[in-house]
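Residue numbers (the working numbering): 38 to 213.
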């Protein structure tokens, strides 16, 4: 369904990320770091360029999907927001992971038929922040954004100061 047909004037739009919000990727991060023979407690965002590229290539592959776990608090928030407006999933995951991702979400009783998904296109090499900012700008009437990346939420706050922002981490979230 086209976004312009799906979203009409007064619809409130709630945006959710997948990794770190709906899915707990803690074990996946450790498994990828281990395969790269790196300390499992490292923050992938702080890796050097070469290791960061290797990390994301593995992290965003089907091979490591078995480590994905449902993040209950994020899923409960998403289901609550479905009663208040439209929910759009904006994820840095590539389109090549779409089918696998939908199967995971269905397995955890997330009503995917009530959601709209925006995945990263195949050759889109932009940083997550830039990709997601553009996606949100094209939605209109966004009232909330749920993400686990503070850098992204900071940028959203600069550009869209009226949007409520929620930073997700561990088993909790805070208003940002």
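All C-beta atoms in this analysis are idealised placements derived from N, C-alpha and C, irrespective of residue type, glycine included. This structure is a prediction, so every number in the text was calculated from the model and none was measured.
**Message:** Tell me the DSSP secondary structure of residue 55 in three-state form.
**Reply:** Sequence index remark: in the chain shown, residue 55 carries index 18 (1-based). Looking at residue 55 - three-state DSSP - the assignment turns out to be coil, as it is neither helix nor strand.
**Asked** Among the residues of its own chain, which have a CB less than 8 Å from the CB of residue 42, if the five just before and after it don't count?
**Response** Here the question's residue 42 lines up with position 5 in the chain shown. Confidence at residue 42 is low in this model, with a pLDDT of 47, below 50, so the placement of that residue should be treated as unreliable; the coordinate-derived value is given next. Hits under 8 Å: none found.
**Message:** Comparing C-alpha positions only, which one of 146, 196, 92, 75 sits nearest to residue 111?
**Reply:** Looking up residue 111 in the chain shown gives position 74. That would be 146, whose Cα lies nearest to the Cα of residue 111.
**Item:** residue 208, DSSP secondary structure in three states
**Value:** As a first step, residue 208 is located in the chain shown; it is residue number 171 there, counting from the start. Of the three classes helix, strand and coil, the one that applies to residue 208 here is coil, per DSSP.
**residue 202 (DSSP reduced to helix, strand or coil)** = Within the chain shown, the letter at position 165 stands for residue 202. If DSSP states are grouped into helix, strand and coil, residue 202 belongs with the strands.
**Request:** Out of 196, 191, 160, 90, point me to the one whose CA is closest to residue 177's CA.
**Result:** Working through the chain shown from its first residue, we reach residue 177 at position 140. When only C-alpha atoms are compared, the closest one is 196.
**Request:** With a threshold of 16 other CB atoms inside 10 Å of the CB of residue 209, please say whether the residue is buried or exposed.
**Result:** Against the chain shown, residue 209 aligns to sequence position 172. By the 10 Å Cβ count, residue 209 comes out exposed.
**Inter-residue spacing [alpha-carbon to alpha-carbon] between residue 74 and residue 95** = Position 37 of the chain shown, counted from the first residue, corresponds to residue 74. Position 58 of the chain shown, counted from the first residue, corresponds to residue 95. Each residue's alpha carbon lies about 13 Å from the other.
**Asked** Exposed or buried, what is residue 60 when buried is set at 16 or more other beta-carbons lying within 10 Å of its beta-carbon?
**Response** Numbered from 1 along the chain shown, position 23 holds the residue referred to as residue 60. Under this definition residue 60 is a buried residue.
**Asked** Exposed or buried, which one is residue 125 when buried takes at least 16 other CB atoms within 10 Å?
**Response** In the chain shown, counting from the first residue as 1, residue 125 sits at position 88. Result: buried.
**Message:** Rounded to whole angstroms, what is the Cα-Cα separation between residue 99 and residue 188?
**Reply:** By 1-based counting over the chain shown, the position of residue 99 is 62. By 1-based counting over the chain shown, the position of residue 188 is 151. For residue 99 and residue 188, the distance between alpha carbons rounds to 26 Å.
**Beta-bridge partners of residue 180, as assigned by DSSP** = Counted from its first residue, the chain shown places residue 180 at position 143. In the DSSP output, where bridge partners are listed per residue, residue 180 has none listed.
**Request:** Could you tell me which uninterrupted alpha helix (DSSP H) segments, each at least 4 residues in length, are contained entirely in the region 101-136, listed from first to last along the chain?
**Result:** 109-119
**Message:** Please tell me whether residue 211 and residue 179 are closer than 7 Å, where the distance is taken between their beta carbons.
**Reply:** Within the chain shown, numbered from 1, the residue matching residue 211 stands at position 174. Within the chain shown, numbered from 1, the residue matching residue 179 stands at position 142. Not in contact: residue 211 and residue 179 (Cβ atoms no closer than 7 Å).
**Request:** Look at residue 131 and residue 157 and say whether their C-beta atoms are less than 7 Å apart.
**Result:** As a first step, residue 131 must be located in the chain shown, where it is residue number 94. As a first step, residue 157 must be located in the chain shown, where it is residue number 120. Going by C-beta atoms, residue 131 is nearer than 7 Å to residue 157.
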